[in-house]
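Numbers 5 to 241, taken from our numbering, label the letters of the sequence shown in order.
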Amino acid sequence: MVRPVIGITTSRRSGWRIFPLMALNVWMAGGRARRWTDRAPAHVADVDGVIVGGGDDISPDLYGGQVVTSARLDPGRDALERRLVLEAFEQGLPVMGICRGSQMLNVALGGTLHQDAYDAYRDSDRHRTILPRKTVLIAPGTRLAAVAGGALMKVNALHSQAVDQLGRGLRVAARDRGGMIQAIERVRDPFAIGVQWHPEHLFYARRQQGLFRALVAAAKASRQRRSQMQRVDAGAE
């Protein structure tokens, strides 16, 4: 069977470093990756699923916040990713958000962010490492629990912002020990999960691989569904 294509958004500046690792994770899960930036055409019609990758802070203009002087922004990428998230849902494509991508998933659906997450959650362990040093608690009965299991999970952490008010149709899937949101997910189909950590750096961990496998499985189902609809439409003509 042809591998489903997963479009992955990256930064123009640093994406060349992280995309190969993302592509490896997608390939291990049974898919094929395509890199997207805001300097080239990106259309959900060309892919079967979407990953919104990590990177710079999201502009508070998108959710009514105030710009802080320490923020490093990328307005072109903001616009691209917001459009892709909304179009993916319109077309029934699965989406996974990683770190910044999880925040964009929330913002695209009308949610807000804490611009200084550790100021809002003083009891959260402040780690900044690609190593799995941070403990997260997965909410029972969630998609995340079904994909990765409900036990305590050790993850990495590179973020400074975090989800505040949830966007439309989203729920909390995990928090850290200080209460900060660490994962969100869409309540209904299409499949959508956002994680605050970077599972692409933890490709050796079975539970992190499960996130990519779940996305690729949902992308396969989406491709089959669209193919069936196209055959029905062709028959009707």
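In this text, a Cβ means the ideal position worked out from N, Cα and C, and glycines have one as well.
Tell me where the beta strand (DSSP E) around residue i begins and ends.
i, result
"Ile12", "Val9 to Thr13"
"Gln186", "Ile185 to Arg190"
"Ala37", "Arg36 to Trp40"
"Gly198", "Ala196 to Val199"
"Val111", "No beta strand (DSSP E) holds Val111; the alpha helix (DSSP H) holding it covers Arg104 to Ala112."
CB residue i to CB residue j, shorter than 8 Å?
i, j, result
"Gly171", "Gly115", "yes"
"Leu88", "Val54", "yes"
"Asp61", "Ala223", "no"
"Arg38", "Val9", "yes"
"Val48", "Leu84", "no"
"Gly198", "Ser128", "no"
"Gly59", "Asp78", "yes"
"Arg211", "Ala150", "no"
"Val220", "Gly35", "yes"
"Gly11", "Ala44", "no"
How far does the alpha helix (DSSP H) with residue i in it extend, from its first residue to its last?
i, result
"Pro24", "Gly19 to Met32"
"Val51", "Neither: Val51 is in no alpha helix (DSSP H) and is coded neither H nor E."
"Ala83", "Pro79 to Gln95"
Using CA coordinates, which residue listed in the options is at the minimum distance from residue i?
i, options, result
"Ile188", "Gly19, Pro136, Arg130 and Leu215", "Leu215"
"Met32", "Arg7, Arg86 and Ser231", "Arg7"
"Lys158", "Arg179, Tyr125 and Ile22", "Arg179"
"Glu94", "Asp78, Arg192 and Arg181", "Arg192"
"Ile142", "His131, Ala124, His163 and Met184", "Met184"
"Asp65", "Pro45, Arg86 and Gly57", "Arg86"
"Ala161", "Gly154, Arg132 and Gly145", "Arg132"
"Thr146", "Gly154, Thr139 and Val140", "Gly154"
"Ile22", "Gly11, Gly57 and Gln234", "Gly57"
"Tyr125", "Thr13, Ala149 and Gln165", "Gln165"
"Tyr67", "Val176, Arg76, Val167 and Val30", "Val167"
"Asp82", "Arg16, Ile134 and Arg211", "Arg16"
"Ala196", "Arg76, Ala44 and Leu90", "Leu90"
"Lys138", "Gln200, Ala46, Gln213 and Arg190", "Gln200"
"Pro144", "Ser231, Leu156, Thr13 and Gln213", "Leu156"
"Arg175", "Ala218, Gln186 and Arg181", "Gln186"
"Leu113", "Leu148, His163 and Arg190", "Arg190"
"Ala177", "Asp237, Arg76 and Leu148", "Leu148"
"Met108", "Val236, Gln232, Gln234 and Thr14", "Thr14"
"Val30", "Arg235, Leu135 and Gln213", "Gln213"
"Asp50", "Arg76, Gly69 and Ala92", "Ala92"
"Arg181", "Val140, Arg130, Ala218 and Gly69", "Val140"
Quick one: is the Cβ of residue i within less than 7 Å of any heavy atom of the ligand SAM?
i, result
"Glu94", "Although the ligand SAM was asked about, the structure shown includes no ligands whatsoever."
**Asked** Any chance the stretch 120-131 sits against the stretch 94-101, with 3 or more Cβ pairs inside 8 Å?
**Response** no
**Prompt:** So does the stretch 197-213 actually touch the stretch 17-26, counting three or more Cβ pairs closer than 8 Å?
**Reply:** yes
**Request:** Starting from the N-terminal side, write out each stretch of the beta strand (DSSP E) that is 3 residues or longer and does not extend beyond the stretch 119-147.
**Result:** Counting only runs of at least 3 residues, the stretch 119-147 fully encloses the following beta strand (DSSP E) elements, listed from N- to C-terminal order: 133-142.
**Request:** Within the stretch 153-185, note down every full beta strand (DSSP E) run reaching 3 residues or more, in order along the chain.
**Result:** Correct list: 157-161 and 174-180.
**Asked** Does the stretch 160-176 come close enough to the stretch 225-239 to have 3 or more Cβ pairs within less than 8 Å?
**Response** no
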